[in-house]
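531 is the number that the working numbering gives the last residue of the sequence shown; the numbers go up by one with no jumps.
Written out below as structure tokens is the structure these notes cover.
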Amino acid sequence: MENIKHSILIIDADSVSTKMFSAILESKGFYVESTDSGKDGMNLLNKGFDIVILDVKLPDMIGTDVLKQLRHKFPEIIIIFVTAYSSVETSVAAVNEGVYAYFIKPFNIDELLKSISFALHKKELDNENKKLVHNTALIYKISKEMEGLIEMHSILQLSLRYLSQIVETDLFAILRYEKATGKFIFGAIEGVDSDFKNLTKRYFDFDASMYKKLVEEHSFVSIVQIQAKPQILEYFPLENPKSLFVFPLMLGAEIIGVVLFAGNKEFVIAQQDMNTILTINSEISRCINNAERYLQVKHDYLGSVSALVKVVEGKNNYFASNSEHVAEFAVRVAAKIGLSADEIELIRFAGLLRDIGKVAISEQLLLKKETLTNEEYMKLKTHCIVSTNIVRSIDKNGKLTPLILYHHECYDGKGYPEGLRGKEIPIGARILSVCDAYEAMTSIRPYRQPLNRANALKELKSCAGTQFDPEIVDIFIETLEYTQT
């Protein structure tokens, strides 16, 4: 049935008229099945017919009862009533259940064919309108959801989530274009199980003709019936791909990537869906460009801030490389816990920048060997607030600054600046707290000599549950032991 344009089920007790209707309809290109049983007809409908021609009088059921069940179970199907026994009851039922046409036997077969043609045309228009409403809603939703997004991974995954609602197939992927190399790199994938690690560490090559069409001509590629497997599909786990569509992601006159649709079954993309994809692709391109610009700004800013970190650490030899060590420890712990790549990146930045605020604290105070006065201690504690204020301008989504602000909070609520406790403290800040403490204990300070590794770990364990999250302490120790074996 899948290769037939439209299908019709006839449920009629009159075998003579059924044979005649079937022969005429089949000659017009329809797929036709028939039965004289209402119950059998209901079962046959699970095959997915477009139209039902239903007789009122059936040997096992009343036609109006079949009509009600049919409309309840298959609300979208077109129903045409035929009967030799017209009555007020059947007329009312036909109106109430949305019967498209009502014919009294004997009737002109040309009128039936005309009614079928009109009904199918109306159904196609209705489906197109529904698709238009659906696609318009998708465009609106993705525009709203992407508003303010700056993380590349989030942008690409969200894009594929929406694109997969337009086309029914097996594989959806976004590849980003590297202008410097003229090659494509991994962006995101949806719809199949893939080894992401292998995908992210390679370049993706297209056949020469396909590459020319995408990169030089800025045209889309469509292969409805794949004869020889294209080179680009060798990278993805599709056993026997049948169809492939690739659209360039354009920013002005430059290509910045491609969106790829592929499937193990043949599929086509209707013009209306094509238009929706092109509209969404424009939004994707804009957001990718914004994310890349933000990454460049962040990179430049981090370069400036890192220079400030070196100024702080360069005030004395006691703090040299302190931030790099803390960031390195924190990344290992975060990875061991199983945090996402984005979360690990944030924790790394927070580890590097958490003490940048010490630039506002005098060298005399930082290097003081004697016990700090209460006033001096309060001054020292402001460094995490100053650090937060310095970093805030690059923290567009507000996820980085809490890690810096709260890395001196204690698990029992006796830390600063706000006295958060337990899981109120962001996990990144809890990780940094442990890593920062270990680095401080094992480094030389003006007021004491460093602890050895064993004593530092002993101190961490003794403070687990009070100053530190005990789970983080255990994972830190496990990670440290693993990396030093």
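Built from N, CA and C at the ideal position, the CB exists for glycine as well.
Problem - CA-to-CA distance, A353 to H453, given in whole angstroms - result: For this step, residue 453 is matched to residue 407 along the sequence shown. For this step, residue 353 is matched to residue 307 along the sequence shown. Between H453 and A353, the C-alpha separation is close to 22 Å.
Problem - Residue closest to V128, alpha-carbon to alpha-carbon, out of L104, Y457, A139, I99 - result: Residue 128 sits at position 82 when you count from the first residue of the sequence shown. Nearest C-alpha to V128: I99.
Exercise for the section: Check the DSSP bridge columns for K103 and list the partner residues they point to. Expected result: As a first step, residue 103 must be located in the sequence shown, where it is residue number 57. In the DSSP output, where bridge partners are listed per residue, K103 has I108.
Handout entry: Coarse secondary structure for E48, derived from DSSP in three states
Key = Looking up residue 48 in the sequence shown gives position 2. Note that E48 has pLDDT 42, beneath the 50 cutoff, so the model's placement of it is unreliable and no number is given.
Problem - beta strand (DSSP E) segment containing F76, residue limits - result: As a first step, residue 76 is located in the sequence shown; it is residue number 30 there, counting from the start. No beta strand (DSSP E) contains F76, which DSSP labels as neither H nor E.
Handout entry: For K442 and F514, the rounded distance between their alpha carbons
Key = Against the sequence shown, residue 514 aligns to sequence position 468. Against the sequence shown, residue 442 aligns to sequence position 396. Rounded to the nearest angstrom, the two C-alpha atoms are 29 Å apart.
Exercise for the section: Grab me the residues of P496's own chain with a C-beta within less than 6 Å of its C-beta, minus the 5 sequence neighbours each way, in chain order. Expected result: Residue numbering aside, residue 496 sits at position 450 when the sequence shown is read from its first letter. T488, S489, I490, listed in sequence order.
Practice task
Report yes or no: is there a C-beta of chain C within less than 9 Å of the C-beta of L279?
Solution key: Of the chains in the structure shown, none is chain C; there is only one protein chain.
Exercise for the section: Note the first and the last residue of the continuous beta strand (DSSP E) segment covering F293. Expected result: By 1-based counting over the sequence shown, the position of residue 293 is 247. Unbroken beta strand (DSSP E) run through F293: 289-297.
Practice task
Return helix, strand or coil for A165, following the three-state DSSP convention.
Solution key: As a working note, residue 165 is residue 119 in the sequence shown. DSSP places A165 in helix when its eight states are reduced to three.
Problem - Whole-angstrom distance between K469 and N310, CA atom to CA atom - result: Within the sequence shown, numbered from 1, the residue matching residue 310 stands at position 264. Within the sequence shown, numbered from 1, the residue matching residue 469 stands at position 423. Roughly 46 Å between the two C-alpha positions.
Practice task
Grab the span of the beta strand (DSSP E) containing V267 for me, first residue to last.
Solution key: Along the sequence shown, one-based indexing puts residue 267 at 221. Start and end: 267-269.
Handout entry: N- and C-terminal bounds of the beta strand (DSSP E) containing T129
Key = By one-based count along the sequence shown, residue 129 stands at place 83. From DSSP, the beta strand (DSSP E) with T129 extends over 124-129.
Handout entry: Residue range of the beta strand (DSSP E) that includes R222
Key = In the sequence shown, counting from the first residue as 1, residue 222 sits at position 176. Where R222 is concerned, the enclosing beta strand (DSSP E) stretches over 217-224.
Exercise for the section: Return yes when the Cβ of V305 is within less than 9 Å of the Cβ of N321, no when it is not. Expected result: Taking the first residue of the sequence shown as 1, we reach residue 321 at position 275. Taking the first residue of the sequence shown as 1, we reach residue 305 at position 259. Contact flag unset, no.
Handout entry: Close beta carbons around P435, own chain, < 8 Å, minus the five adjacent residues each side
Key = Taking the first residue of the sequence shown as 1, we reach residue 435 at position 389. The sequence given here places Asn at residue 435; Pro does not occur at that position. G403.
Problem - Residue from R332, D482, E391 with nearest C-alpha to N368 - result: As a first step, residue 368 must be located in the sequence shown, where it is residue number 322. Taking only the C-alpha atoms, the option nearest N368 is D482.
Problem - Closest by C-alpha distance to E370, when choosing among G384, L503, S386, I393 - result: Your numbering for residue 370 matches position 324 in the sequence shown. Considering only alpha carbons, the answer is I393.
Handout entry: Nearest candidate by alpha-carbon position, reference G384, set L166, C333, I477
Key = In the sequence shown, residue 384 corresponds to position 338, counting from 1. If we check each option's Cα against that of G384, I477 comes out closest.
Handout entry: Where the alpha helix (DSSP H) containing F375 begins and where it ends
Key = Walking along the sequence shown from the start, residue 375 turns up at place 329. F375 -> alpha helix (DSSP H) spans 368-383.
Problem - Assumed close pair K259, I272 - CB separation to whole angstroms, cut-off 8 Å - result: Position 213 of the sequence shown, counting from 1, holds the residue named residue 259. Position 226 of the sequence shown, counting from 1, holds the residue named residue 272. About 16 Å separates the two Cβ atoms, so there is no contact after all.
Exercise for the section: Report the three-state DSSP secondary structure of Y340 (helix, strand or coil). Expected result: For the purposes of this step, residue 340 is identified with residue 294 of the sequence shown, where counting begins at 1. It is helical.
Exercise for the section: Would you give the residue range spanned by the beta strand (DSSP E) that I231 belongs to? Expected result: Here residue 231 refers to the residue found at position 185 of the sequence shown. Segment 229-236, the beta strand (DSSP E) holding I231.
Practice task
Determine the DSSP secondary structure at L411, reduced to helix, strand or coil.
Solution key: On the sequence shown, position 365 is the one that residue 411 refers to. DSSP places L411 in helix when its eight states are reduced to three.
Exercise for the section: Out of A299, L446, S331, point me to the one whose CA is closest to I390's CA. Expected result: Here the question's residue 390 lines up with position 344 in the sequence shown. The option with the nearest alpha carbon to I390 is L446.
Handout entry: Identity of the residue in N420, I440, L412 nearest H429 by Cα
Key = Looking up residue 429 in the sequence shown gives position 383. Selected option, being the one with the closest Cα: L412.
Handout entry: Residue burial classification, A147 (beta-carbon count within 10 angstroms, cutoff 16)
Key = Against the sequence shown, residue 147 aligns to sequence position 101. Classification for A147: buried.
Exercise for the section: Could you tell me whether the Cβ atoms of I278 and F250 are closer together than 9 Å? Expected result: As a working mapping, residue 278 is identified with position 232 in the sequence shown. As a working mapping, residue 250 is identified with position 204 in the sequence shown. Against a cut-off of 9 Å, the Cβ pair of F250 and I278 comes out as a contact.
Practice task
Find the nearest neighbour of E329 within the set L113, K187, S265, judged by alpha-carbon distance.
Solution key: In the sequence shown, the residue the question calls residue 329 occupies position 283. When each option's Cα is compared against that of E329, the closest is K187.
Practice task
Indicate the three-state DSSP secondary structure (helix, strand or coil) for K466 in the structure shown.
Solution key: Position 420 of the sequence shown, counted from the first residue, corresponds to residue 466. Reading the sequence as shown, one finds Leu at residue 466 and not Lys. L466 falls in the coil class under three-state DSSP.
Practice task
State the Cα-Cα distance for the pair T81 and I57, rounded to the nearest angstrom.
Solution key: Taking the first residue of the sequence shown as 1, we reach residue 81 at position 35. Taking the first residue of the sequence shown as 1, we reach residue 57 at position 11. If you take the alpha carbons of T81 and I57, they lie about 5 Å apart.
Practice task
Compute the distance between the beta-carbons of G233 and A254, then report whether it is under 9 Å.
Solution key: Position 187 of the sequence shown, counted from the first residue, corresponds to residue 233. Position 208 of the sequence shown, counted from the first residue, corresponds to residue 254. Going by C-beta atoms, G233 is not nearer than 9 Å to A254.
Handout entry: Same chain, Cβ closer than 7 Å to C456, neighbours up to 5 away in sequence not counted
Key = As a first step, residue 456 is located in the sequence shown; it is residue number 410 there, counting from the start. Here the set comprises T512, Q513.
Exercise for the section: Could you tell me which of E300, E338, G474 sits nearest to A373, measuring between CA atoms? Expected result: Stepping through the sequence shown from its first residue, residue 373 is reached at position 327. Among E300, E338, G474, the Cα nearest to that of A373 belongs to G474.
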